[in-house]
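Asker: I have a structure here, written as structure tokens, and I will follow up with some questions on it.
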Amino acid sequence: MGLNLVVLVKQVPDTQNITGDAMKEDGTVNRQALPAIFNPEDLYALEAALTVKDLYPGTRVNVLTMGPPPAVQVLKESLYRGADFVALISDRRFAAADTLATSYALKCAIEKIGNYDMVFCGRQAIDGDTAQVGPQTAEKLGINQITCVSEINNIDTDKKSVEATRSIEGGFEIVKSGFPVLLTFTDEGYVPRPPSAIRMLSYKNASTEVSTEAFDESYMDGEMSGSAGNNLQLWDIEAINADVEGCGLSGSPTKVKKIMSVVLTSGDIKMVDNDMGGIAEMVHELIADHTIG
Amino acid sequence: MSTKNTVMVFIQQDDGIVADVSLELVCKAKELAGELGAKVSAILAGDKLDAEAKRVISYGVDELFLVEDKRLAHYTPVPYTKVVRDIIVAQQPQIVLYGATTTGRDLGPRIASNLKVGLTADCTDLQIGDHKIKEQLYKNILYQIRPAFGGNIIATIVSPEKLPQMATVREGVMKIVEPDASYKGKITKVDPKLEDGDFLTEIIKRVREEKRVNLKGAQIIVSGGIGVETRANFKLIEELAHVLGGEIGASRAAVDAGLVSQPHQVGQTGTTVRPRLYIACGISGSIQHRAGMAESSKIIAINSDPDAPIFQIAHYGIVGDLKEIIPQFIKAYKAKA
Ligand SMILES: Cc1cc2nc3c(=O)[nH]c(=O)nc-3n(C[C@H](O)[C@H](O)[C@H](O)COP(=O)(O)OP(=O)(O)OC[C@H]3O[C@@H](n4cnc5c(N)ncnc54)[C@H](O)[C@@H]3O)c2cc1C
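Here it is as structure tokens:
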């Protein structure tokens, strides 16, 4: 028996290659200044879903992302790897969403898919490292969650339950939950598969119709225009039946007050000669001020 | 929502023992409450926790809400969300703090989502200050300070419009003060309103190794980076730590290279430490490493590159090959002590 799975993914700026002008004055991220990548842990969530699909033929893997039009790239990569359906949740009114507003929009989109057994997502995204969107979405859906999953051990399709190993401080837990349940994945238990060349060819020109009212032109991306593809859809606020107030800035209780680049604090350093004399003198000082005993 | 003047801490317990981070948070809550003229309250849920409840109070809690139920012995998300949410709704604190542990980061977001309030993840500092949104001035609100973008920036987040203001806080960054066994706080027992249908997670197995590496409690830490190069050379780090009576630390690069195991890692994705003495050997001093050790009282840097960033936060700098310097250090110490 096949399962109906939803995978939440995010396109993130590659924070390991930060340049100086990555932050805008209002504290939001200037994504253009950084290369955009598939959030690493989300690839593990996708891999977990595709592994379930390999084991239970007939399983449907739906991938959702919320973001500006260029984020369609992570959806295409999901199709290349084996996803059955992907949707980009995109609307200017989602701009400046914090984790709460994001989880609200994702909840609406998941409910639009409906009838799901499990929702998978990465534990956290490397741009924010908050690990909040998964649990916040589960709460809004009113379902159980298993966070920090390294691996799914077993699925019982008759009893509709899943058993998974989750990482905790200094060890692990093996837990079981019935469906529906949301799982967040770490980068421990799977090896994400590469895109399939055949699927890449068949989806190369996949594109979706953009309702232009939703965007201004500057927000558009060449890749988004063209003819509609059934397994790649664009959903705006109306499409997911979301309440405008709950989205974007108005649905976001947290505000960025200040951003500081990390600067080195240069203290008064004492340079020690790298010979026995210098080192012995330092040791003497450290003993005298009781730093070492 | 009219708000009572309290700073509340969610107290995490694992196998009936309160987590250190929760005690650190009580101490921080006490400090914030002092500035706000507020009281400190706490939530502790589990089974048979009387003694631990008293211990928590001794760190400065004025009122502790104790929820005892066999089914709450181990943390699971849905029942804990209900219990904690109900107490927050009834008590209306202005601030709620959680440890940024697997448990705190599992629970906090669910509470925030349920109450539609803000939550800032993994804070490394909390302060009180004012903030203006449009023409409205919010006085004495919580500044939630955290690294973001892989540690490249420090962001101050505020969420004054809807209370409570909530944050998860990193383990090891808040100072713990001596408990006072005579501290007068009261324990209020709360009956949880839970149904069998709330217990959706079945814990089949739980394996926790007691951390043999005690970085957080160490007064002296000798850390090795990738500059140590080999496992054989890493013995030098171990030997120096041993003679000084310290613990062994490491950079992530050293852990990744297999020179030493992960529990020894210091930094943003490792342990945050603030020992009396931190000796960094063959560690360049990346932002992520410094995030976990910059608060050390004294820092000695041993590095062959005179321009290594670690020297900019060190109190003593020795430029040279650690393979030559560490044996001299050991010899000098043995001669003096
Ligand atoms: C999101 C994120 C999280 C991270 N979290 C952490 C973390 O928690 N902790 C952490 O440490 N890192 C973390 N890192 C990695 C961090 O960016 C650095 O890569 C790492 O700290 C470098 O380790 P290192 O100093 O040992 O290595 P290097 O930067 O390569 O430095 C090695 C140093 O050794 C010196 N050296 C070489 N040979 C000798 C010798 N014979 N004698 C003396 N000196 C010598 C060199 O001059 C050099 O300065 C994180 C990175 C990211 C992106």
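So the protein sequences, as listed, match chains A and B. Those letters in the first sequence? Residues 1 to 293, per our numbering, in order. Those letters in the second sequence? Residues 1001 to 1337, per our numbering, in order. Backbone N, C-alpha and C fix where the C-beta goes; we use that ideal spot for every residue, glycine too. Predicted model, so just to flag it, every value in this text is computed and none were measured.
Check the Cβ of A1121 (chain B) against every Cβ in chain A and list those closer than 9 Å, keeping chain order.
Answerer: The contacting residues are T99, Q124, G128, D129, T130, A131, Q132.
Asker: Note down, in chain order, all residues in the region 1090 to 1120 of chain B with a beta-carbon under 7 Å from any beta-carbon belonging to chain A.
Answerer: For the region 1090 to 1120 of chain B, which is checked against every Cβ of chain A, the residues closer than 7 Å are T1101, T1102, R1105, D1106, P1109, R1110, A1112, S1113, N1114, K1116, V1117, G1118, L1119, T1120.
Asker: Would you call the CB atoms of A1019 (chain B) and L1097 (chain B) closer than 8 Å?
Answerer: Not in contact: A1019 (chain B) and L1097 (chain B) (Cβ atoms no closer than 8 Å).
Asker: Would you say A280 (chain A) lies against chain B (beta-carbon separation less than 8 Å)?
Answerer: Answer yes: the Cβ-Cβ gap between A280 (chain A) and chain B drops below 8 Å somewhere.
Asker: Can you name the start and end residues of the beta strand (DSSP E) that I146 (chain A) belongs to?
Answerer: I146 (chain A) -> beta strand (DSSP E) spans 144 to 156.
Asker: Apply the 10 Å Cβ neighbour rule to T1188 (chain B) and answer buried if 16 or more other Cβ atoms are within range, or exposed otherwise.
Answerer: Result: exposed.
Asker: Quick check: the Cα distance between G2 (chain A) and A97 (chain A), rounded to an integer number of angstroms?
Answerer: Straight-line Cα distance between these residues: approximately 34 Å.
Asker: For M1001 (chain B), does the three-state DSSP call read helix, strand or coil?
Answerer: Here M1001 (chain B) scores only 40 on pLDDT, less than 50, and its place in the model is too uncertain to base an answer on.
Asker: Spatial neighbours of L55 (chain A) within its chain, please: C-beta separation below 8 Å, excluding the five flanking residues on both sides.
Answerer: Correct list, in chain order: I155.
Asker: Determine, using beta carbons only, whether V63 (chain A) comes closer than 8 Å to chain B.
Answerer: Chain B, which has no Cβ nearer than 8 Å to the Cβ of V63 (chain A), makes this no.
Asker: Could you tell me which of B:T1103, B:T1272, B:I1088, B:E1135 sits nearest to V1117 (chain B), measuring between CA atoms?
Answerer: Per the Cα distances, B:I1088.
Asker: Return the first residue and the last residue of the beta strand (DSSP E) that K204 (chain A) is part of.
Answerer: Careful: K204 (chain A) lies outside any beta strand (DSSP E) and carries neither H nor E.
Asker: Under 8 Å Cβ-Cβ, which residues of chain B neighbour E163 (chain A)?
Answerer: In chain order: I1204.
Asker: Out of B:M1008, B:I1043, B:Q1219, B:V1026, which has the shortest C-alpha to C-alpha gap to E1178 (chain B)?
Answerer: Residue B:V1026 is the option with its Cα nearest to E1178 (chain B).
Asker: Please go through the same chain and pick out, in chain order, the residues whose beta-carbon is closer than 6 Å to the beta-carbon of G1227 (chain B), but skip the five residues on each side of it.
Answerer: Answer for G1227 (chain B): G1282, listed in chain order.
Asker: Identify the continuous beta strand (DSSP E) that holds Q1127 (chain B) and give its terminal residues.
Answerer: First-last of the beta strand (DSSP E) with Q1127 (chain B): 1125 to 1133.
Asker: Please report how far the alpha carbon of S1261 (chain B) lies from the alpha carbon of C121 (chain A), in whole angstroms.
Answerer: Answer to the nearest angstrom: the Cα atoms are 28 Å apart.
Asker: Could you tell me whether the Cβ of V119 (chain A) comes closer than 8 Å to any Cβ of chain B?
Answerer: No, no contact with chain B.
Asker: I1226 (chain B): beta carbon under 7 Å from a heavy atom of ligand 1?
Answerer: I1226 (chain B) Cβ: within cutoff of ligand 1.
Asker: Considering only their Cβ atoms, is the gap separating I1011 (chain B) from L1044 (chain B) smaller than 8 Å?
Answerer: Taking 8 Å as the Cβ cut-off, L1044 (chain B) and I1011 (chain B) qualify as a contacting pair.
Asker: Show which residues of chain B have a CB atom less than 9 Å away from the CB atom of N274 (chain A).
Answerer: Correct list: I1302, I1318, V1319, G1320, D1321, E1324, I1325, Q1328.
Asker: Considering only the alpha carbon of each residue, which of A:M66, A:Q73, A:V7 lies closest to P35 (chain A)?
Answerer: The option with the nearest alpha carbon to P35 (chain A) is A:Q73.
Asker: What's the C-alpha gap between G1151 (chain B) and C148 (chain A)?
Answerer: So the two alpha carbons sit approximately 21 Å from each other.
Asker: Using the beta-carbon of each residue, which ones in chain B are nearer than 9 Å to N144 (chain A)?
Answerer: The contacting residues are T1076, P1077, V1078, L1200, T1201.
Asker: Do you know offhand how far D1321 (chain B)'s Cα is from E1229 (chain B)'s?
Answerer: In a straight line, the C-alpha of D1321 (chain B) is about 11 Å away from that of E1229 (chain B).
Asker: Can you tell me whether E1202 (chain B) is buried or exposed, with buried defined as 16 or more other CB within 10 angstroms of its CB?
Answerer: Exposed: under 16 other Cβ atoms inside 10 Å.
Asker: To which residues of the same chain is K1323 (chain B) closer than 8 Å at the C-beta, ignoring the five residues directly before and after it?
Answerer: The answer, listed in chain order, is N1233, L1236.
Asker: Could you say if the region 1269 to 1289 of chain B and the region 1218 to 1226 of chain B meet the contact criterion of at least three C-beta pairs nearer than 8 Å?
Answerer: Yes, the region 1269 to 1289 of chain B is in contact with the region 1218 to 1226 of chain B.
Asker: Could I get the ranges of all uninterrupted alpha helix (DSSP H) runs contained in the region 1215 to 1247 of chain B, with 4 residues as the minimum, in chain order?
Answerer: Those alpha helix (DSSP H) runs which fall completely within the region 1215 to 1247 of chain B and span 4+ residues are 1231 to 1244.
Asker: If I measure Cβ to Cβ from I168 (chain A) and keep anything under 8 Å in the same chain, skipping five residues before and after, which residues do I get?
Answerer: Hits under 8 Å: C148.
Asker: How should H290 (chain A) be labelled, buried or exposed, when 16 other C-beta atoms within 10 angstroms of its C-beta is the threshold for buried?
Answerer: Classification for H290 (chain A): exposed.
Asker: Let's test the definition: count the other Cβ atoms within 10 Å of the Cβ of V191 (chain A) and tell me whether it reaches 16, buried, or not, exposed.
Answerer: Label assigned to V191 (chain A): exposed.
Asker: Grab me the residues of G246 (chain A)'s own chain with a C-beta within less than 7 Å of its C-beta, minus the 5 sequence neighbours each way, in chain order.
Answerer: Answer for G246 (chain A): A101, Y104, listed in chain order.
Asker: So V1207 (chain B) and F185 (chain A) are in contact, right, with Cβ under 8 Å, and what is the actual spacing, rounded?
Answerer: Between F185 (chain A) and V1207 (chain B) the Cβ distance is about 19 Å, and since that is not below 8 Å, they are no contact.
Asker: Let me know the secondary structure DSSP gives Y80 (chain A) once reduced to three states.
Answerer: Three-state DSSP puts Y80 (chain A) in a helix.
Asker: Which parts of the region 1190 to 1215 of chain B are runs of the beta strand (DSSP E), unbroken and 3 residues or longer, counting only runs that do not cross its ends?
Answerer: Listed in chain order, the complete beta strand (DSSP E) runs (minimum 3 residues) inside the region 1190 to 1215 of chain B are 1201 to 1208.
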